[in-house]
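Read through the structure below, which is laid out as structure tokens, and then see the notes.
4 protein chains.
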Amino acid sequence: MIEAGIIGGAGYTAGELIRILLRHPEVNLNFVYSTSQPGKSVSSIHQDLVGETDLTFFNQVNKEADVVFLCLGHGNSKKFLSDNQFSKKTKIVDLSSDFRMKSEEHSFVYGLPEMNKEEIKGANFIANPGCFATAITLAILPLADNGLIKEDVHVNAVTGATGAGTSLSETTHFTWRDNNFSAYKSFEHQHLQEIGQCVKQLQKDHKVNINFIPNRGNFSRGIHATAYTKFSGELEEAKGLYQEFYKDAAFTFVTEGDLHLKQVVNTNKCLLRLQKFGDKLLVTSVIDNLLKGASGQAVQNMNLMFGLDEKTGLGLKGSYF
Amino acid sequence: MIEAGIIGGAGYTAGELIRILLRHPEVNLNFVYSTSQPGKSVSSIHQDLVGETDLTFFNQVNKEADVVFLCLGHGNSKKFLSDNQFSKKTKIVDLSSDFRMKSEEHSFVYGLPEMNKEEIKGANFIANPGCFATAITLAILPLADNGLIKEDVHVNAVTGATGAGTSLSETTHFTWRDNNFSAYKSFEHQHLQEIGQCVKQLQKDHKVNINFIPNRGNFSRGIHATAYTKFSGELEEAKGLYQEFYKDAAFTFVTEGDLHLKQVVNTNKCLLRLQKFGDKLLVTSVIDNLLKGASGQAVQNMNLMFGLDEKTGLGLKGSYF
Amino acid sequence: MIEAGIIGGAGYTAGELIRILLRHPEVNLNFVYSTSQPGKSVSSIHQDLVGETDLTFFNQVNKEADVVFLCLGHGNSKKFLSDNQFSKKTKIVDLSSDFRMKSEEHSFVYGLPEMNKEEIKGANFIANPGCFATAITLAILPLADNGLIKEDVHVNAVTGATGAGTSLSETTHFTWRDNNFSAYKSFEHQHLQEIGQCVKQLQKDHKVNINFIPNRGNFSRGIHATAYTKFSGELEEAKGLYQEFYKDAAFTFVTEGDLHLKQVVNTNKCLLRLQKFGDKLLVTSVIDNLLKGASGQAVQNMNLMFGLDEKTGLGLKGSYF
Amino acid sequence: MIEAGIIGGAGYTAGELIRILLRHPEVNLNFVYSTSQPGKSVSSIHQDLVGETDLTFFNQVNKEADVVFLCLGHGNSKKFLSDNQFSKKTKIVDLSSDFRMKSEEHSFVYGLPEMNKEEIKGANFIANPGCFATAITLAILPLADNGLIKEDVHVNAVTGATGAGTSLSETTHFTWRDNNFSAYKSFEHQHLQEIGQCVKQLQKDHKVNINFIPNRGNFSRGIHATAYTKFSGELEEAKGLYQEFYKDAAFTFVTEGDLHLKQVVNTNKCLLRLQKFGDKLLVTSVIDNLLKGASGQAVQNMNLMFGLDEKTGLGLKGSYF
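Following this line, the structure appears as structure tokens:
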């Protein structure tokens, strides 16, 4: 069994990891580290787990764990790893943005299996992608892989309230958000960097803009993104490129017909829809921001690093309704 | 024109008062007092008012105002009034619970027009009823008035998130509340005192229990309450009592057929439905917790105190959808 | 008093018209025509009106009415008007799309007061704009008026479920729509025609594309739209153009700071926010689809046609929460 | 492998069964019968299943299946079984109400494992309990088992929109239900019969009323119920009775602290909370109406009938948020 630990256990992504790992056939959840809740039972915070686990939060880490997931706020993973030394065998999956941009100062691999599967298999350190970045990158990567992103890409995406984390703020207050909608961080969302890095990895000469308007939706889970750009070929040609690019993908599928967010909620899937209008290719992409956009993908990466089938423990029943 | 002031201008009930008073034909909104937002424009906090008012929050009160509405937290009105002396002519409408229970220490009149209309007309100080108290009291008052509450009353009510105020808490976080439901303060909600006081005012020998389970609903506005008790007469007899009791009510109506919460949202109305099952009379009651349950009723009380038609400025268009 | 009639009284836009006209100080709601509900009380269908009106639906029209609002499905207004002859003095406001495109076959004026105020004042027949068309056109009209739409405009907008009408369908089923999101009619929404006609009226040489992705949101009321295009000037210059263009607008305002949908729900306002990123101007626009996007604008047009202040009867209290 | 079939495959409960059975380690989903969708792919109706199954709907049944689940409307199971003869070995789990009331005319066992586990293990025909009936019965059964239901039980429960099925109606229209709340079928809900039958099975002299007010909530999944009655013992005594009664229950747990609906959404659990106020015991009960209230419990019954661990295939990851 893989002995796994979670660092920063009280937030949404940690909760999802716990839910998945408790049911994972090859994993023993060794410890959940929390400085804010030490000694408390895990099910007192993640209250759906009543009757399923007796785990309590610890304020100490097991340095011999086989894998450790970092669910700390952005900016805190780097500090945590310099303050806490794990054994050489310990693999790290970091869910923050700290190591997503390539740098000579670290050896983290960007954990998007659809792009970097072989590298992930051999990696010890994984930078798990951002949620918007996952939804949007998967929508355009097959184009980049074929050198076909030649003009501006126009992206509009909406995320649920879990995307903002557990902290309380005006825009996560129920009264504010219920039946509301608003754009934020237009053209300047921090995930644009990751998306650009991915596109350039496959399309080296990539120079065009990705115009991205993120929105706050009045739902809890999920991301729905639309992306369009100029594409001179036929729709069938585009579908062929996408089918080919994702032929080995475990969770990313090209679909026909209408697509809506709830098709993927509580699953690790990314569903894509392709349409052609005039000279533009429109790609719609939906994911669960906490699963394929965070904890599900983290476990997918863990599976790959440990030589397991990518889907192990991730055959989740969607909630759909 | 009635010169009106609002004390504690940043919360939900203050916002509703501002919305109503800005449109009230006999009122000039003289000042909105806020210690947290002095100098800020009112529309920067109550952001739907953009384009409708240039008012700013003040940190001083006008002691010569004709009427002052207190929108302070429970427990703070008493202190505010002892720290701030208004002119003799200034009428006070307090939206907190500080003066709702009769006492020899104060001369506030309980501002439920359906019960105390004449007293309100002559009052200088009004204790505006609680939201749950309004919905539930109006559901059972005609029975009390006829000495007919003889066995336990069983009440279940659900309130929207605005009932919890603007402060942030776990149960007002969108992610928690969205698509969720929970009971709280069962049998012990603080409004039970007010309700009991009202019932006893009309039915002096009243001794039975009111069993009340409040619930948190996943909507923003409104209260839906059901109340049942033993009633030996026919349904038509009950309807007759209610019709008679509310024949002069400006906003409380007995309806036929299904009743649902959105029939009253964004209005000052209370709608009641009566049904008989076996030996039990079931009364369903719906109000908007911020209007008939707070700011709308406060203006209704003001209208009565100043000799205006009770409905002045309260012919609000419901949002319904 | 203006004697008003409504044709097709059971739908959402008719309901909103009834709510507004019952409170309009210069209007008597003379009749509400419905072939599906004749003889039924209006408040049995529009159930928030209990206690406010005794009107019943008629299956006959008053041909001498001063103004008649047509709330029939798209395609039915033309037929209705050829089957029913009104008096010469009767003014018509059609809420369908039947007469929105200019044609030699009819003399309807496109009822967007921000663009056609003088024409509307003298008109007898008004084609009331579509909801998406209103939100989007108001977002870009000042640019067109200055000949500044020179490259593609990229529009993404989301509408509430009332936008789909009262008829039942898979995508208006609560279970489907709750916490869901989906794009539809991308690049091909029927309102693109109206928007193009408006832009061309002000910018004669307009030839660029408006790329429009409409979305279904999981809320009941409102439209939130973002539109961006290349704009070489400074942000302040853009703001100046918009302020100038809307200086006489009764309900359209340029705001500063964050903008969200609920700022306009249950009002007749359109709020706009301008931002500049690189060489692009981003305009965010919010309206209530049933009010500024339908019935509120219809009454605004009526006010203009009858020489009233544009705002009469439209000083609606927003629901905000 | 157990060869399983589903009759009536297009509705909500069938969808949930398909989701569970596709992941069940001991089951092969042999066929999904649908007269409305024959030949269509299952994932075209249950659209979250894209990428997970190639099954299509059939309009023929496999009479040799090991187990068949009937997901037909109430009243249709009886007819279906008289029109379609299965092999002697075929076990039937009926999700309708057709066989829930004991009768000499059939040999169906009421499939509430917490009450009838041994009978279920030996049964060939199971009548799967109703959703409200499950939530409410589990809240009061330990009292009945100890002969302690001596006065009226007062029950208030709220269900999500999936409780009303896939058919479209006014009260399942998003615009109606969004942010709304309403009681219906008060004191007369059809599940009262089942509940009474369960209580009487354990407390033979049971004669008191169960006063039940069901409500429509504005969420998709789940039931939240409160039930109270007179109880002369201490709270700890009650907790002891419940703990003892449910000590072998696989999915029903007594919890401490606050309880809310989302703790069980997308799981097969029933969570109970006990509180004492004066002489009354209040029990709060939450389930997912489609799982413990329908399809999850159906699979739990199947597991028992085939000698499997009750939990097999039902260790579902909750969606929680």
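Protein chains in written order, with our numbering: chain F, 7 to 327; chain B, 7 to 327; chain X, 7 to 327; chain H, 7 to 327.
By construction, the Cβ of each residue, glycine as well, lies at the ideal position given by its N, Cα and C atoms.
This structure is a prediction, so every number in the text was calculated from the model and none was measured.
| query | Would you call Glu-58/F buried or exposed, if buried means 16 or more other Cβ atoms sit within 10 Å of its Cβ? | reply | Indexing the first sequence from 1 puts residue 58/F at position 52. Glu-58/F is buried by the Cβ-count criterion.
| field | Cα-Cα separation between Lys-95/H and Leu-310/H, rounded to whole angstroms | value | Here residue 95/H refers to the residue found at position 89 when the fourth sequence is read from its first residue. Here residue 310/H refers to the residue found at position 304 when the fourth sequence is read from its first residue. If you take the alpha carbons of Lys-95/H and Leu-310/H, they lie about 15 angstroms apart.
| query | Under the three-state reduction of DSSP, which class applies to Asp-54/F: helix, strand or coil? | reply | Position 48 of the first sequence, counted from the first residue, corresponds to residue 54/F. In this structure, Asp-54/F counts as helix in the three-state DSSP scheme.
| query | To which residues of the same chain is Phe-37/F closer than 6 angstroms at the C-beta, ignoring the five residues directly before and after it? | reply | Along the first sequence, read from residue 1 onward, the residue named residue 37/F stands at position 31. Excluding sequence neighbours, Phe-37/F sits near Gly-11, Phe-64, Asn-68.
| request: Output the distance between the C-alpha atoms of Gly-14/X and Leu-208/X, rounded to the nearest integer angstrom. | output: On the third sequence, position 8 is the one that residue 14/X refers to. On the third sequence, position 202 is the one that residue 208/X refers to. If I take the Cα positions, the gap works out to 34 angstroms.
| task | Give, in chain order, every residue of the region 205-235 of chain X whose Cβ lies closer than 9 angstroms to some Cβ of chain B. | result | Ser-226, Arg-227
| query | Skipping 5 residues on each side, what residues in its chain have a beta carbon closer than 6 angstroms to that of Arg-279/B? | reply | As a first step, residue 279/B must be located in the second sequence, where it is residue number 273. If we look at Arg-279/B and ignore the five residues flanking it on each side, its Cβ neighbours are Thr-261, Leu-265, Thr-290.
| task | Find the residues of chain F that neighbour Gln-53/H, judging by a C-beta separation of less than 7 angstroms, and give them in chain order. | result | As a working note, residue 53/H is residue 47 in the fourth sequence. Close to Gln-53/H, with beta-carbon spacing below 7 angstroms, are these residues of chain F in chain order: Gln-269.
| Taking only beta-carbon atoms, is Asp-315/F less than 8 angstroms away from chain H? | Taking the first sequence and counting its residues from 1, one reaches residue 315/F at position 309. By this cut-off, Asp-315/F is not an interface position.
| query | Looking at Cys-77/X and Leu-23/X, is the spacing between their C-beta atoms short of 8 angstroms? | reply | Stepping through the third sequence from its first residue, residue 23/X is reached at position 17. Stepping through the third sequence from its first residue, residue 77/X is reached at position 71. Yes, Cβ-Cβ distance for Leu-23/X and Cys-77/X is below 8 angstroms.
| message | One question on the structure: do Lys-85/F and Asn-130/F come within less than 8 angstroms of each other, judged by their Cβ atoms? | response | Taking the first sequence and counting its residues from 1, the one referred to as residue 85/F is at position 79. Taking the first sequence and counting its residues from 1, the one referred to as residue 130/F is at position 124. Their beta carbons are not under 8 angstroms apart, which means Lys-85/F does not touch Asn-130/F by this criterion.
| Would Phe-327/H count as contacting chain F if we go by Cβ distances under 8 angstroms? | By 1-based counting over the fourth sequence, the position of residue 327/H is 321. Contact with chain F is found for Phe-327/H, since one of that chain's Cβ atoms lies less than 8 angstroms from the residue's Cβ.
| task | Note down, in chain order, every chain B residue with its Cβ under 7 angstroms from the Cβ of Ala-189/H. | result | By 1-based counting over the fourth sequence, the position of residue 189/H is 183. Close to Ala-189/H, with beta-carbon spacing below 7 angstroms, are these residues of chain B in chain order: Thr-232, Thr-290.
| Name the residues in the region 302-313 of chain F whose C-beta lies less than 8 angstroms from a C-beta of chain H; which are they? | none
| query | Does the distance from the C-beta atom of Asp-158/F to that of Asn-215/F stay below 8 angstroms? | reply | Taking the first sequence and counting its residues from 1, the one referred to as residue 158/F is at position 152. Taking the first sequence and counting its residues from 1, the one referred to as residue 215/F is at position 209. Going by C-beta atoms, Asp-158/F is nearer than 8 angstroms to Asn-215/F.
| said: Only counting the same chain, and skipping five residues up and downstream in sequence, which positions put a Cβ closer than 7 angstroms to that of Gln-203/F? | reply: Taking the first sequence and counting its residues from 1, the one referred to as residue 203/F is at position 197. Closer than 7 angstroms at Cβ, skipping near neighbours: Met-107, Lys-108.
| request: List the residues of chain H whose Cβ lies closer than 9 angstroms to the Cβ of Gly-15/F, in chain order. | output: Mapped onto the first sequence, residue 15/F falls at position 9. Neighbours of Gly-15/F on chain H: none; closest Cβ ~15 angstroms, over 9 angstroms.
| task | Could you tell me whether the Cβ of Ala-163/B comes closer than 8 angstroms to any Cβ of chain F? | result | Working through the second sequence from its first residue, we reach residue 163/B at position 157. No - not a single Cβ of chain F is within 8 angstroms of the one on Ala-163/B.
| request: Jot down the residue ranges of each uninterrupted alpha helix (DSSP H) in the region 239-288 of chain B, minimum 4 residues, whole runs only, in chain order. | output: Complete alpha helix (DSSP H) runs here, min 4: 241-251.
| task | Please classify Arg-106/F: does DSSP put it in a helix, a strand, or coil? | result | For the purposes of this step, residue 106/F is taken as residue 100 along the first sequence, with counting starting at 1. Arg-106/F: coil per DSSP, three-state reduction.
| said: Using the three-state DSSP reduction, which class does Leu-198/H fall into: helix, strand or coil? | reply: By 1-based counting over the fourth sequence, the position of residue 198/H is 192. Looking at Leu-198/H - three-state DSSP - the assignment turns out to be helix.
| Thr-235/H in three-state terms, based on DSSP | Taking the first residue of the fourth sequence as position 1, residue 235/H is located at position 229. In the structure shown, Thr-235/H sits in a strand (DSSP, three-state: E or B).
| query | Going along the region 52-80 of chain X in order, which residues come within less than 9 angstroms of chain B, judged by CB to CB distance? | reply | Flagged, chain order: His-52, Gln-53, Asp-54, Leu-55, Val-56, Gly-57, Glu-58.
| Cβ distance (whole Å) where Gly-117/X is taken to contact Pro-135/X below 8 angstroms | Looking up residue 117/X in the third sequence gives position 111. Looking up residue 135/X in the third sequence gives position 129. Between Pro-135/X and Gly-117/X the Cβ distance is about 6 angstroms, and since that is below 8 angstroms, they are a contact.
| task | State the CB to CB distance for the pair Asp-72/B and Ala-167/F, rounded to an integer number of angstroms; the pair is presumed to be in contact (CB under 8 angstroms). | result | As a working note, residue 72/B is residue 66 in the second sequence. As a working note, residue 167/F is residue 161 in the first sequence. Not quite, the Cβ-Cβ distance comes to about 43 angstroms (not below 8 angstroms), so this is no contact.
| Which same chain residues, not among the five before or five after Gly-171/B, have their C-beta less than 7 angstroms away from its C-beta? | Here residue 171/B corresponds to residue number 165 of the second sequence, with the count starting at 1. Excluding positions up to five away in sequence, the list reads Gly-17, Tyr-18.
| query | Any C-beta of chain H sitting closer than 8 angstroms to the C-beta of Arg-279/F? | reply | Taking the first residue of the first sequence as 1, we reach residue 279/F at position 273. Chain H, which has no Cβ nearer than 8 angstroms to the Cβ of Arg-279/F, makes this no.
| task | Have a look at Val-74/B, Thr-140/B, Gly-223/B and flag the residue whose alpha-carbon is nearest the alpha-carbon of Asn-274/B. | result | Taking the first residue of the second sequence as position 1, residue 274/B is located at position 268. Nearest option by C-alpha distance: Thr-140/B.
| task | Output, in sequence order along the chain, the residues in the region 18-40 of chain F whose CB is closer than 9 angstroms to any CB in chain H. | result | Tyr-18, Gly-21, Glu-22, Arg-25, Ile-26, Leu-28, Arg-29
| request: Would you tell me roughly how many angstroms separate the C-alpha atoms of Pro-31/F and Lys-317/F, rounded to the nearest one? | output: Here residue 31/F is taken as the residue at index 25 of the first sequence, counted from 1. Here residue 317/F is taken as the residue at index 311 of the first sequence, counted from 1. Looking at the two C-alpha atoms, the distance is approximately 11 angstroms.
| query | Are the region 295-313 of chain B and the region 48-62 of chain X in contact at 8 angstroms, needing three or more beta carbon pairs? | reply | no
| task | Answer yes or no: does any C-beta atom of chain B fall closer than 8 angstroms to that of Asn-272/H? | result | The sequence position of residue 272/H within the fourth sequence is 266, counting from 1. No, Asn-272/H does not count as interfacial toward chain B.
| Per DSSP, Ala-133/X forms a beta bridge with which residues? | The residue you call residue 133/X lines up with position 127 of the third sequence. According to DSSP, which records beta bridges pairwise, Ala-133/X is partnered with Asp-100/X, Tyr-116/X.
| query | Can you tell which of Cys-137/X, Asp-285/X, Tyr-252/X, Glu-9/X has the C-alpha that lies nearest to the C-alpha of Ile-201/X? | reply | Here residue 201/X corresponds to residue number 195 of the third sequence, with the count starting at 1. Per the Cα distances, Cys-137/X.
| Of all the options Val-115/H, Ser-173/H, His-80/H, Val-292/H, which has the alpha carbon lying nearest to the alpha carbon of Gln-269/H? | Here residue 269/H corresponds to residue number 263 of the fourth sequence, with the count starting at 1. Comparing Cα positions, the closest option is Val-292/H.
| query | Where does Ser-103/B land, buried or exposed, given buried means 16+ other C-beta within 10 angstroms? | reply | Locating residue 103/B in the second sequence gives position 97, where the first residue counts as 1. The residue is buried, with at least 16 neighbouring Cβ atoms inside 10 Å.
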